[in-house]
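A.B. asks: Structure provided below as structure tokens; questions to follow.
Chains as they are written, first to last, in my numbering: chain A, 22 to 427; chain B, -3 to 224.
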């Protein structure tokens, strides 16, 4: 029997048992749809996170106090090892030609009071250059300047959420006075709404000059972070090692084990996030793969039922001259057609759900060919793998026993 | 009747092993079926009729003895070679008709030709039409089996047996599920086919049906009891 005739017979047989065919396909449809949906959501989420991290730029370095290798207490920035003077040194030294900007940062959670209202906020002491480095835009007023930093000015740039909490939605509070830890600040600017990112919400911040924050508000000489940007991102690694050596010398540390600061780059964060999302995607796709496996077992089950139900027919076909391979081919094609048609439905359902999901959870929908190619390959493999045993069982039936079967 | 035997059975024995016990269904059967013959094989239940039919139809092989089909010793043929003999040389007609359910008359009659792999689509169409004309069912080509009467279904099965133009027609109790009027109608088809030169081997336990043949072999306890 040629392949076309075998396909024709298999197709007719599937068409003649529509309910059985539909039920067998359902498992494959669900399996393939969930694999495609999960891969698509994971890709969308990865792209969303990646673009958010990339918006930081690939040229940023962050120095934190404490040694990340020594456990969470130090890694959280609970040590006082990183001084404002370190930031000034990195900024003013000629030893680091690749460093373009240096921005020391301190922060504290506190209440801001103004216009008779109060709100919980995070006060960040930053350099004027910090706004540029973080791509923060201004809606009303202006950012503070380097001069404000040098003169310990009591000025504040506030996030739109803080402005709304204290002065009402849509108000322009520039020139108004707010109180932070019993110090009065003049609001000179409102940042443009950015929305919450995965880690922080810049709209809920109050930014004041770092020097003012350290000396007047917090009374400390250490910083919680020094942010730097480099001119040439390709030399990021060598710049990091230069900074490391210089700070070790400044902190009189000779052994790397005793290092009291940690340096991370935006590139490193991107890589780490990439790894995490990759692992999550693989894990979820694995779970979806299990449903595909269950679907495959469903196909095998239905094929076994079909072989039993058609035992007498198989006996007849053998009497009419069908060879083992003819019977095997017929049942194998049935199983493959079942899984491929189920797979096509699954792809359509999966892609449709992916588009719907991307709209609902607001992540980009990224159409990719590889999940479809993967799904097609998986369908054929499932069809062959789970169809082979029932088909072989059919092919091996003794024609006399099969003809007698009732 | 031609002089060349199409079937030559020589001392055919068939043993069945059932656990520790063995049972001999055929104890040494020898006879010839010639071209144009119409042989009825009769016998009570347990006489070995069905076993003999399975061996003649190459669905089963003998434990001992020699089976010459059309001059070829097929005793040691492989499973695939026997399938080819069934496909090209033997046309089966069964008691329970055995049409493929939910497929129309055309696809049922066409099916043996698909396993030959040598017959084109247009040839298949012509052959189905011709076989259905022989059994006077050319107008039922698109009907499903549940739209046909018992007699019509058996005639479709005969058309299927004829479509490969086999050397012999092997009919196993072909009237067993039919009333007597339809039985005679079906048997008269077989007689007509035999008159046109077809060799027919008929298995039956009914004497009046066996009487349609030219020759009757009566089996008893796995042996030929009588030949007339």
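Glycine included, each C-beta is placed from N, C-alpha and C at the ideal position.
All of these numbers come straight from a predicted model, not from anything done at the bench.
Going straight from the alpha carbon of residue 19 (chain B) to that of residue 9 (chain B), what length do you get?
C.D. replies: By 1-based counting over the second chain, the position of residue 19 (chain B) is 23. By 1-based counting over the second chain, the position of residue 9 (chain B) is 13. Straight-line Cα distance between these residues: approximately 11 Å.
A.B. asks: Give every residue of the same chain whose Cβ lies closer than 8 Å to the Cβ of residue 168 (chain A), excluding the five residues on either side of it in the sequence, and list them in chain order.
C.D. replies: In the first chain, counting from the first residue as 1, residue 168 (chain A) sits at position 147. Within the same chain, residue 168 (chain A) has close Cβ partners 174.
A.B. asks: Could you give the distance in angstroms between the alpha-carbon of residue 229 (chain A) and the alpha-carbon of residue 160 (chain A)?
C.D. replies: Walking along the first chain from the start, residue 229 (chain A) turns up at place 208. Walking along the first chain from the start, residue 160 (chain A) turns up at place 139. Spanning the two alpha carbons is a distance of roughly 17 Å.
A.B. asks: If you measure beta-carbon to beta-carbon, which residues of the segment 98 to 132 of chain B are closer than 8 Å to chain A?
C.D. replies: Under the 8 Å Cβ criterion, the segment 98 to 132 of chain B contributes 98, 99, 103, 107, 108, 110, 111, 112, 113.
A.B. asks: Got a sec, what are the start and stop residues for the beta strand (DSSP E) residue 159 (chain B) sits in?
C.D. replies: Locating residue 159 (chain B) in the second chain gives position 163, where the first residue counts as 1. First-last for residue 159 (chain B): undefined, no H or E at that position.
A.B. asks: For residue 200 (chain A), name the three-state secondary structure that DSSP assigns.
C.D. replies: As a first step, residue 200 (chain A) is located in the first chain; it is residue number 179 there, counting from the start. Correct three-state label for residue 200 (chain A): strand.
A.B. asks: Step through the CB atoms of chain A and report whether any lies within less than 9 Å of the CB of residue 96 (chain B).
C.D. replies: Translated into the one-based positions of the second chain, residue 96 (chain B) becomes position 100. Yes, contact with chain A.
A.B. asks: Using the Cα positions of residue 178 (chain A) and residue 238 (chain A), report the straight-line distance between them to the nearest angstrom.
C.D. replies: In the first chain, counting from the first residue as 1, residue 178 (chain A) sits at position 157. In the first chain, counting from the first residue as 1, residue 238 (chain A) sits at position 217. Looking at the two C-alpha atoms, the distance is approximately 15 Å.
A.B. asks: Closer than 9 Å, CB to CB, is residue 219 (chain B) near chain A or not?
C.D. replies: Your numbering for residue 219 (chain B) matches position 223 in the second chain. Chain A contact via Cβ: absent.
A.B. asks: Comparing C-alpha positions only, which one of A:331, A:390, A:394, A:379 sits nearest to residue 412 (chain A)?
C.D. replies: Translated into the one-based positions of the first chain, residue 412 (chain A) becomes position 391. Taking only the C-alpha atoms, the option nearest residue 412 (chain A) is A:331.
A.B. asks: Just checking, does the segment 84 to 102 of chain B make contact with the segment 165 to 180 of chain B on the three C-beta pairs under 8 Å criterion?
C.D. replies: Yes: the two stretches touch, three or more of their Cβ pairs being nearer than 8 Å.
A.B. asks: What is the DSSP secondary structure of residue 150 (chain B), counted as helix, strand or coil?
C.D. replies: Numbered from its first residue, the second chain carries residue 150 (chain B) at position 154. Helix, per DSSP.
A.B. asks: At which residues does the alpha helix (DSSP H) containing residue 104 (chain B) begin and terminate?
C.D. replies: Indexing the second chain from 1 puts residue 104 (chain B) at position 108. First-last of the alpha helix (DSSP H) with residue 104 (chain B): 101 to 112.
A.B. asks: At the level of alpha carbons, what is the spacing between residue 387 (chain A) and residue 31 (chain A)?
C.D. replies: Stepping through the first chain from its first residue, residue 387 (chain A) is reached at position 366. Stepping through the first chain from its first residue, residue 31 (chain A) is reached at position 10. Taking the straight line from one Cα to the other gives about 37 Å.
A.B. asks: Can you pull the chain B neighbours of residue 422 (chain A), defined as C-beta to C-beta under 7 Å?
C.D. replies: Looking up residue 422 (chain A) in the first chain gives position 401. In chain order: nothing, as chain B lies at least about 10 Å away.
A.B. asks: First and last residue of the beta strand (DSSP E) that includes residue 6 (chain B)?
C.D. replies: On the second chain, position 10 is the one that residue 6 (chain B) refers to. That run of the beta strand (DSSP E) goes 1 to 14.
A.B. asks: Starting from the N-terminal side, write out each stretch of the alpha helix (DSSP H) that is 4 residues or longer and does not extend beyond the segment 23 to 98 of chain B.
C.D. replies: Fully enclosed alpha helix (DSSP H) runs of 4 or longer: 45 to 52, 75 to 85.
A.B. asks: In the DSSP assignment, what residue or residues form a beta bridge with residue 167 (chain B)?
C.D. replies: Residue mapping note: residue 167 (chain B) aligns to position 171 of the second chain, counting from 1. Answer is B:89, B:198.
A.B. asks: Can residue 146 (chain A) and residue 85 (chain A) be called in contact, C-beta distance under 9 Å?
C.D. replies: Your numbering for residue 146 (chain A) matches position 125 in the first chain. Your numbering for residue 85 (chain A) matches position 64 in the first chain. Not in contact: residue 146 (chain A) and residue 85 (chain A) (Cβ atoms no closer than 9 Å).
A.B. asks: Just mark residue -1 (chain B) as buried or exposed, buried being the case when its beta carbon has 16 or more other beta carbons within 10 Å.
C.D. replies: For the purposes of this step, residue -1 (chain B) is identified with residue 3 of the second chain, where counting begins at 1. Residue -1 (chain B) should be labelled exposed.
A.B. asks: Residue 132 (chain A) lies in the beta strand (DSSP E); which residues open and close that run?
C.D. replies: Indexing the first chain from 1 puts residue 132 (chain A) at position 111. 120 to 135 is the extent of the beta strand (DSSP E) around residue 132 (chain A).
A.B. asks: Identify the continuous beta strand (DSSP E) that holds residue 219 (chain B) and give its terminal residues.
C.D. replies: Along the second chain, one-based indexing puts residue 219 (chain B) at 223. Its beta strand (DSSP E) spans residues 219 to 223.
A.B. asks: Leaving aside the five residues before and after residue 97 (chain A) along the sequence, list all residues of the same chain whose C-beta is less than 6 Å from its C-beta, in chain order.
C.D. replies: Taking the first residue of the first chain as position 1, residue 97 (chain A) is located at position 76. Because the pLDDT of residue 97 (chain A) is 48, which lies under 50, any placement of that residue in the model is unreliable, and the number read from its coordinates should be weighed accordingly. Cβ neighbours of residue 97 (chain A) beyond the five flanking positions: none.
A.B. asks: Can you tell me whether residue 26 (chain A) is helix, strand or coil according to DSSP?
C.D. replies: As a working note, residue 26 (chain A) is residue 5 in the first chain. Residue 26 (chain A): helix per DSSP, three-state reduction.
A.B. asks: Which bits of chain B does residue 374 (chain A) rub up against, with CB to CB less than 7 Å?
C.D. replies: For this step, residue 374 (chain A) is matched to residue 353 along the first chain. Those within 7 Å of residue 374 (chain A) in chain B number zero; the least Cβ separation is about 35 Å.
A.B. asks: Does the beta carbon of residue 56 (chain B) come closer than 9 Å to any beta carbon on chain A?
C.D. replies: Translated into positions along the second chain, residue 56 (chain B) becomes position 60. Closer than 9 Å: yes.
A.B. asks: Check the Cβ-Cβ distances between residue 382 (chain A) and every residue of chain B, and say whether any is below 9 Å.
C.D. replies: The sequence position of residue 382 (chain A) within the first chain is 361, counting from 1. So no, residue 382 (chain A) is outside the interface.
A.B. asks: With a threshold of 9 Å between beta carbons, is residue 309 (chain A) in contact with chain B?
C.D. replies: For the purposes of this step, residue 309 (chain A) is taken as residue 288 along the first chain, with counting starting at 1. Not an interface residue.
A.B. asks: Going by Cα to Cα distance, which pick from A:418, A:247, A:215, A:380 is closest to residue 148 (chain A)?
C.D. replies: In the first chain, the residue the question calls residue 148 (chain A) occupies position 127. Of A:418, A:247, A:215, A:380, the residue nearest in Cα terms is A:247.
A.B. asks: I'd like to confirm the pairing. Which residues does DSSP put opposite residue 216 (chain B) in its beta bridges?
C.D. replies: As a first step, residue 216 (chain B) is located in the second chain; it is residue number 220 there, counting from the start. Paired residues: B:219.
A.B. asks: In three-state DSSP terms, what is residue 208 (chain B)?
C.D. replies: Along the second chain, one-based indexing puts residue 208 (chain B) at 212. It is coil, neither helix nor strand.
A.B. asks: Is there a C-beta anywhere in chain A that falls below 9 Å from the one on residue 154 (chain B)?
C.D. replies: Your numbering for residue 154 (chain B) matches position 158 in the second chain. False, the Cβ-Cβ gap to chain A never drops below 9 Å.
A.B. asks: Find the residues of chain A that neighbour residue 173 (chain B), judging by a C-beta separation of less than 9 Å, and give them in chain order.
C.D. replies: In the second chain, the residue the question calls residue 173 (chain B) occupies position 177. Chain A residues near residue 173 (chain B): none, gap ~14 Å exceeds 9 Å.
A.B. asks: Would you mind reading off the limits of the beta strand (DSSP E) that contains residue 142 (chain A)?
C.D. replies: Within the first chain, the letter at position 121 stands for residue 142 (chain A). It spans 138 to 147 - the beta strand (DSSP E) in which residue 142 (chain A) sits, taken as one unbroken run.
A.B. asks: In its own chain, which residues sit with a C-beta less than 7 Å from the C-beta of residue 261 (chain A), not counting the 5 before and 5 after it?
C.D. replies: Counting from one through the first chain, the residue named residue 261 (chain A) turns up at place 240. Hits under 7 Å: 82, 284, 286.
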